[in-house]
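Residue numbers (the working numbering): -16 to 278.
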């Protein structure tokens, strides 16, 4: 989403529905975006490009000792930095990870010909890869490695939407039709993942796994004595576990249906969502959101 669209979205929804942290790659680590986030009191964590001034800061910090373990082989150190074009100093987190083994370097020599060469790391040599983060958070240094790694999990959702749900590639120039198609795909994606979460609440299961597991089956309809019976048979290797999961979900939904007389549609929806996302809610029930401010 372009920056103007992001700020417009945040400005028209209640503050209690805002995200607690804005994360992004080096395309977001710029003065205009950080300034807008600071003016709104929205915490951010952005990756920075390895510009000349950033490299000089890395060289200065690398000569110092006492790096902090940031998990998964990464080490961390912090500093204050004001780059050209920035209005103020900002907290910067330097993450580094030692490169193990030999390196392969690809280059293009003659047109259309790729050359691959190997670099052997001599004994005692230390080669690091670096990742530089700008942030307004006051968290402990040790937490930033995981905070930024979690961003990858968030981006995987958009990758799944585009590659497995067709959320992109619309060829029409009619904006209204594009928006309608995009919203329908997003709606179907949400519905499917809520259903899958009812079956597997502890983790997100991507469509490439969940659809063959839960959706691909052979159904037989039998009509007898004015009654129609639908029998669904799965050919998946885990069909017994799937059948057990389906029965548990059906029992849960049937229980909500029995209580439908004294539950509103919103209350039923909140109970379904609370069951689907129990891993995050830890037994809490969802509250009704505030009304959206007019756009």
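Even glycine gets a Cβ: it sits at the ideal position worked out from N, Cα and C.
* To do: Please list the segments of the beta strand (DSSP E) lying wholly inside the segment 79 to 130, counting only runs of 3 or more residues, in order along the chain.
  => If we require 3 residues or more, the beta strand (DSSP E) runs fully inside the segment 79 to 130 come out as 86 to 91, 97 to 102 and 111 to 118.
* Going straight from the alpha carbon of residue 277 to that of residue -11, what length do you get? -> With a pLDDT of only 48 at residue 277, under the threshold of 50, the placement of this residue in the model should not be trusted; the figure read from the coordinates follows. Cα to Cα, the separation comes out at about 16 Å.
* Is the CB-CB distance between residue 224 and residue 214 below 8 Å? -> no
* Kindly indicate which three-state DSSP category residue 52 falls into: helix, strand or coil? => strand
* Determine the DSSP secondary structure at residue 57, reduced to helix, strand or coil. => Strand at residue 57.
* To do: Classify residue 191 as buried or exposed, calling it buried when 16 or more other Cβ atoms lie within 10 Å of its own Cβ.
  => exposed
* Asked: Which word fits residue 29, buried or exposed, when buried means at least 16 other C-beta atoms lie within 10 angstroms of its C-beta?
  -> buried
* Asked: I think residue 78 touches residue 59, with their Cβ atoms under 8 Å apart; what is that distance to the nearest whole Å?
  -> Indeed they touch by this definition, with Cβ atoms about 5 Å apart.
* Given a cut-off of 8 Å, decide if residue 44 and residue 76 are closer than it, judged by their beta-carbon atoms. => no
* Just confirm the distance between the C-beta atoms of residue 5 and residue 25, as a whole number of angstroms; I'd bet it's less than 8 Å. => Confirmed, about 6 Å.
* Asked: Contact check, residue 149 vs residue 168 under 8 Å by CB: the rounded distance?
  -> That pair is a contact at about 6 Å.
* **Cβ distance (whole Å) where residue 74 is taken to contact residue 66 below 8 Å** => Incorrect: roughly 13 Å between the Cβ atoms, too far for contact.
* Flag this pair as touching only if the segment 162 to 179 and the segment 241 to 254 have three or more C-beta atom pairs under 8 Å; answer yes or no. => Contact fails: fewer than three Cβ-Cβ distances are below 8 Å.
* **Sheet register partners of residue 27 (DSSP bridge)** => 5
* To do: Taking 8 Å as the cut-off, decide whether the C-beta atoms of residue 112 and residue 80 are in contact.
  => yes
* Considering only residues of the same chain and omitting the five flanking positions on each side of residue 285, which have a CB-CB separation below 7 Å? -> The question about residue 285 has no answer here: the residues shown for the chain are numbered -16 through 278.
* How many whole angstroms separate the CB atoms of residue 55 and residue 128, which I take to be in contact at a CB cut-off of 8 Å? -> Between residue 128 and residue 55 the Cβ distance is about 7 Å, and since that is below 8 Å, they are a contact.
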